[in-house]
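In the numbering used here, the protein residues as written are 3 to 369.
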């Protein structure tokens with residue numbers, strides 16, 4: 003009895019096109035046919051199904067173990083009966099006899115097609131998973147498909163992905179069919195295929211955008227040391243040049259600001275400040291507080307604390323709206339930052355001086 007010969011050809015093509023080994027498919031089909039045989043013919047026998055890979059012929063054999071004393075007639079055969087077929091049989095051998103039903107062809111063909119479709123689906127899911135798992139922490143271009151509640155579902159080409167509310171830039175709206183760049187955050191295997199989570203708020207997205215936009219970063223001349231974001235509002239990126247003749251900030255800004263402006267446009271107008279990294283924490287913190295001008299920075303390495311003094315008229319700029327500039331600078335550098343204006347610091351120093359004077363006076367009186 004033969005399975006559709008076109009199916010055999012299809013299996014060979016699948017091996018070439020999808021990389022699914024024909025032997026694996028044949029084994030899966032044979033296993034499925036055993037279940038189909040038992041279901042449709044009410045058999046409790048131990049059976050084996052064999053498919054001829056050349057012509058698609060199917061044969062079903064019942065199998066019994068040759069024993070001295072039969073306990074389960076469905077699975078065992080007495081040695082005397084086995085020897086009547088072949089005198090060389092011994093206890094422990096397996097006796098087989100073909101029991102292929104005439105009506106098994108249609109069932110076999112349906113079962114085989116079902117298995118093939120299932121295996122193709124599994125293989126495609128695996129390929130999609132492998133493709134996107136290797137692109138984690140990278141950016142891709144996606145097309146907005148639809149909203150599901152507050153989630154945005156986007157098309158990556160070979161799979162859909164989910165942009166959750168926490169990963170969406172505030173105040174940014176996504177129109178159906180719009181093309182946007184997203185950062186691949188996580189790829190999971192599930193029974194329904196790969197589940198891909200993407201982001202537009204992750205600091206890694208800003209880093210990848212600069213790597214793509216700035217050749218000096220891509221070739222390793224300029225290195226990104228740190229990235230922090232308050233998505234949709236403001237971000238800071240610290241850069242360092244391994245070549246003293248290359249200005250890392252200028253390279254990232256580009257001629258007439260074209261490079262950084264391209265990234266700003268991609269991130270819905272998010273303000274991006276490019277900071278020059280320095281091994282000296284005082285210089286680094288001073289740079290990180292730009293655009294504010296810094297008079298001095300005192301460093302306490304033990305607790306990674308810095309005391310920063312700025313001109314009076316620069317205090318609000320240094321701190322930023324609702325503390326945003328100072329907060330981003332602290333996150334960027336990894337140092338705690340306390341900002342004081344010149345007048346505040348002068349008052350503080352006067353207070354310390356008065357305290358010292360009072361203490362000295364008390365000691366004199368005590369003497």
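Glycine residues also receive a C-beta, built at the ideal position from the N, C-alpha and C atoms.
- Rounded to whole angstroms, the gap between the alpha carbons of residue 135 and residue 198 is 9 Å.
- Between the C-alpha atoms of residue 215 and residue 38 there is a straight-line separation of about 58 Å.
- Contact check for residue 272 against residue 236 passes: the beta carbons are separated by less than 9 Å.
- If you look at residue 208, you'll find it in the alpha helix (DSSP H) that goes 205–215.
- In this structure, DSSP gives residue 93 a state outside helix and strand, which the three-state scheme calls coil.
- According to DSSP, residue 352 shares a beta bridge with no other residue.
- Cβ-Cβ distances below 6 Å link residue 319 to 294 in the same chain, with the five nearest sequence neighbours on each side left out; the list follows chain order.
- Of the residues 200, 347, 245 and 330, the one whose Cα lies closest to the Cα of residue 314 is 347.
- DSSP places residue 36 within a helical segment (H, G or I) once states are collapsed to three.
- Assignment of residue 170 by DSSP, reduced to helix, strand and coil, places it in the coil class.
- Distance check between residue 138 and each of 182, 188 and 158 places 188 closest, using alpha-carbon atoms only.
- Boundaries of the alpha helix (DSSP H) around residue 329: 326–335.
- Inter-residue distance for residue 190 and residue 158 is about 15 Å (C-alpha atoms, whole angstroms).
- As computed with DSSP, residue 190 is found in a beta bridge with 197.
- Where residue 146 is concerned, the enclosing beta strand (DSSP E) starts and stops at 141–150.
- The Cβ-Cβ distance between residue 202 and residue 226 does not fall below 9 Å.
- Distance from the CA of residue 193 to the CA of residue 148, rounded to the nearest whole angstrom, comes to 23 Å.
- Residue 172 and residue 276 have their alpha carbons spaced roughly 22 Å apart.
- Residue burial annotation: residue 167 is exposed, with fewer than 16 other C-beta atoms found within 10 angstroms of its C-beta.
- Per DSSP, reduced to three states, the secondary structure at residue 283 is helical.
- Residue 115: member of the alpha helix (DSSP H) spanning 106–135, first to last residue.
- Under the 10 Å beta carbon count, residue 204 is surrounded by 16 or more other beta carbons and is classified as buried.
- Judged by DSSP secondary structure, residue 309 falls within the beta strand (DSSP E) whose first and last residues are 307–312.
- Ranked by Cα distance from residue 114, the options 71, 63, 142 and 36 are led by 36.
- Residue 299 holds the alpha-carbon nearest to the alpha-carbon of residue 309 among 299, 317 and 303.
- Residue 338 and residue 345 have their C-alpha atoms spaced approximately 21 Å apart.
- For residue 264, the enclosing alpha helix (DSSP H) starts and ends at 260–268.
- For residue 255, the enclosing alpha helix (DSSP H) covers residues 250–255.
- Under DSSP, the beta-bridge partners assigned to residue 165 are 154 and 200.
- For residue 95, the CB contacts under 6 Å within the same chain, skipping 5 residues up- and downstream, are 68 in chain order.
- An exposed status is given to residue 89, since fewer than 16 other beta-carbon atoms sit within 10 Å of its beta-carbon.
- Rounded to the nearest whole angstrom, the C-alpha separation of residue 116 and residue 61 is 19 Å.
- As DSSP reads the structure, residue 225 sits in a beta bridge with 242.
- As a beta-bridge residue in DSSP terms, residue 299 pairs with 310.
- Residue pairing by DSSP puts residue 182 in a beta bridge opposite 144.
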